[in-house]
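J.: Quick note on numbering: numbering that gives the first Met the number 0 labels position 154 of the sequence shown as 153, and the sequence is numbered without any gaps.
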Amino acid sequence: MAMRTIDQLVAELPAFAGLGPAQLDLIAGCGGNRVFAAGEYLAREGDPADTFFVLRAGRVALEIDAPGRGALMIATLGEGAVVGWSWLFPPYRWSFDARALEQTRVVAFDGACLRGKCEDDKALGYTLMQRFAAVMLERLQATRLQLLDVYGEPAAR
């Protein structure tokens, strides 16, 4: 099996489906392959958010620290999922932990690199903002459903 280039991998990622070759080339210029072992952290809450990830294989848990309770898993993400949007918004800090549940292969993107390209190419910036806003909305809706399940009417349980 031939090794695929970052350009080829980026073109295959669902997060960037439908983008033109010039935009894909700009995005790929900020990406690189990474592998995380089971239990390894991709990101820690409060750390600088200078990277985001698109999962190629494996699973990642998004967790928050709950005082007195430890880490609470708020989502599990699999192949094709985007991990991280904090690279887009000041102060560029992770708002959760992201931990590999099994060996996980990702394309890791340098957020500062991509922010610079978005500043230079406003159409690319707008397109990526739309796509990341959709990811954020999807995660917020999933969290809402979790909260309804946890805090819903006692009679409904």
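Backbone N, C-alpha and C define an ideal beta-carbon position, used for all residues, glycine too.
Ala36 and Arg104: beta carbons closer than 8 Å?
T.: no
J.: According to the Cβ coordinates, are Tyr91 and Ala21 closer than 8 Å?
T.: no
J.: When DSSP labels each residue in this structure, what does Glu137 get in the three-state scheme?
T.: helix
J.: Can you check whether the CB of Gly38 is closer than 8 Å to the CB of Trp93?
T.: no
J.: Rounding to the nearest angstrom, what Cα-Cα distance links Gly110 and Glu137 in this structure?
T.: Gly110 and Glu137 have their C-alpha atoms roughly 21 Å apart.
J.: Out of curiosity, what's the CA-to-CA distance linking Arg33 and Val82?
T.: Roughly 13 Å between the two C-alpha positions.
J.: Spatial neighbours of Leu23 within its chain, please: C-beta separation below 8 Å, excluding the five flanking residues on both sides.
T.: Closer than 8 Å at the Cβ level, and outside the excluded window around Leu23, lie Asp6, Val9, Ala10 and Phe15.
J.: Just the C-alpha distance for Thr159 and Ala74, rounded to the nearest angstrom, thanks.
T.: Coverage of the chain is limited to positions 0 through 156, which leaves residue 159 absent and any answer about it impossible.
J.: In chain order, which alpha helix (DSSP H) runs of at least 4 residues are fully inside the region 35-121?
T.: 110-119
J.: Out of Leu139, Leu127 and Met72, state which residue places its alpha-carbon closest to the alpha-carbon of Gly17.
T.: With distances taken between Cα atoms, Gly17 lies closest to Leu127.
J.: Roughly how far, in whole angstroms, is the beta-carbon of Leu41 from the beta-carbon of Gly77, given that I think they are within contact range, below 8 Å?
T.: Their Cβ separation, rounded to whole angstroms, is 14 Å, which puts Leu41 and Gly77 out of contact at 8 Å.
J.: Measuring only the C-alpha atoms, how far is Asp96 from Leu87?
T.: Pairing Asp96 with Leu87, the inter-Cα distance amounts to about 17 Å.
J.: Quick one: what does DSSP say Arg3 is sitting in, helix, strand or coil?
T.: coil
J.: Can you tell which of Cys29, Val134 and Gly19 has the C-alpha that lies nearest to the C-alpha of Val106?
T.: Cys29
J.: Beta-carbon within less than 7 Å of Thr4's beta-carbon, same chain only, minus the 5 sequence neighbours each way: which residues are those?
T.: none
J.: Taking only the alpha-carbon atoms, compute the straight-line gap between Asp120 and Gln140 and give it to the nearest angstrom.
T.: 30 Å
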